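Chemist:
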Amino acid sequence: MTDVASPLLGLHHAALICSDYARSRDFYVRVLGLRVLAENHRSARDSWKLDLALPDGSQLELFSFPAPPPRPSRPEAQGLRHLAFRVARLEPFIQHLASQGVDCEPIRVDEYTGRRFTFFADPDGLPLELYEAG
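Structure (structure tokens):
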């Protein structure tokens, strides 16, 4: 145990801002298969907030805002580099993504863990990773 009175228990959520709410909602719900927990339009901000559940209990929050600035560069801009999703096996999910018109990079092997992984992008070009659990 650390010196922190209440230690971190895990990741609760990551928040993403999209350029086209309907397109990104479709990608994360239909293509990636995330479950909708809540969806709210915040009229005062002309913004949508979509809460999505991952099987391990963590969540993604998808936001829309009028005219958000684009991500500066991929993937080495300061800040969030990418999101990685754990999968049992890469090939079935890569095939699923391909059937949805989503391209994946060639499979690589993590030089430290020996685990296989690949990258693909969401509709706004945010780098996403599939990491084989093994």
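What the sequence shown shows, in my numbering, is residues 1 to 134, in sequence order. Every residue, glycine too, gets a C-beta built ideally from N, C-alpha and C. Note that the structure is predicted; figures quoted are calculated from it, not measured.
#1: Thinking C-beta only, is Phe65 closer than 8 Å to Ile17?
#2: For Asp26, which of helix, strand or coil comes out of DSSP?
#3: Using the three-state DSSP reduction, which class does Phe117 fall into: helix, strand or coil?
#4: Using only the alpha-carbon positions, how far apart do Ser24 and Leu97 sit?
#5: Quick one: Cα of Gly134 to Cα of Phe85, how far?
#6: Does the pairing of the stretch 95 to 112 with the stretch 41 to 49 give three or more beta-carbon distances under 8 Å?
#7: Is Leu128 closer than 8 Å to Phe119 when the C-beta atoms are compared?
#8: What would DSSP say about Glu91, mapped onto helix, strand or coil?
#9: Quick check: what's the CA-CA separation for Asp110 versus Arg42?
#10: Out of Leu130, Leu52 and Arg115, which one is the CA nearest neighbour of Ala167?
#11: Would you identify the three-state DSSP class for Tyr21, choosing helix, strand or coil?
#12: Give a yes or no on whether the C-beta atoms belonging to Val31 and Gln78 are separated by under 8 Å.
#13: Quick check: what's the CA-CA separation for Asn40 versus Arg116?
Modeler: According to the structure data:
#1: Taking the first residue of the sequence shown as 1, we reach residue 17 at position 17. Taking the first residue of the sequence shown as 1, we reach residue 65 at position 65. Taking 8 Å as the Cβ cut-off, Ile17 and Phe65 qualify as a contacting pair.
#2: As a position in the sequence shown, residue 26 is number 26, starting the count at 1. It is helical.
#3: If you number the sequence shown from 1, residue 117 lands on position 117. Here Phe117 sits in strand by DSSP.
#4: Here residue 24 is taken as the residue at index 24 of the sequence shown, counted from 1. Here residue 97 is taken as the residue at index 97 of the sequence shown, counted from 1. Taking the straight line joining both Cα atoms gives about 15 Å.
#5: Within the sequence shown, numbered from 1, the residue matching residue 134 stands at position 134. Within the sequence shown, numbered from 1, the residue matching residue 85 stands at position 85. Near 13 Å, if we compare the C-alpha coordinates of Phe85 and Gly134.
#6: no
#7: Along the sequence shown, one-based indexing puts residue 119 at 119. Along the sequence shown, one-based indexing puts residue 128 at 128. Taking 8 Å as the Cβ cut-off, Phe119 and Leu128 qualify as a contacting pair.
#8: Residue 91 sits at position 91 when you count from the first residue of the sequence shown. Three-state result, Glu91: helix.
#9: Along the sequence shown, read from residue 1 onward, the residue named residue 110 stands at position 110. Along the sequence shown, read from residue 1 onward, the residue named residue 42 stands at position 42. Cα to Cα, the separation comes out at about 41 Å.
#10: It is not possible to answer for residue 167, since the shown part of the chain is limited to 1 through 134.
#11: Indexing the sequence shown from 1 puts residue 21 at position 21. Tyr21 falls in the helix class under three-state DSSP.
#12: Here residue 31 refers to the residue found at position 31 of the sequence shown. Here residue 78 refers to the residue found at position 78 of the sequence shown. In this structure, Gln78 does not lie closer than 8 Å to Val31 by Cβ.
#13: Your numbering for residue 40 matches position 40 in the sequence shown. Your numbering for residue 116 matches position 116 in the sequence shown. Computed Cα separation, rounded: 37 Å.
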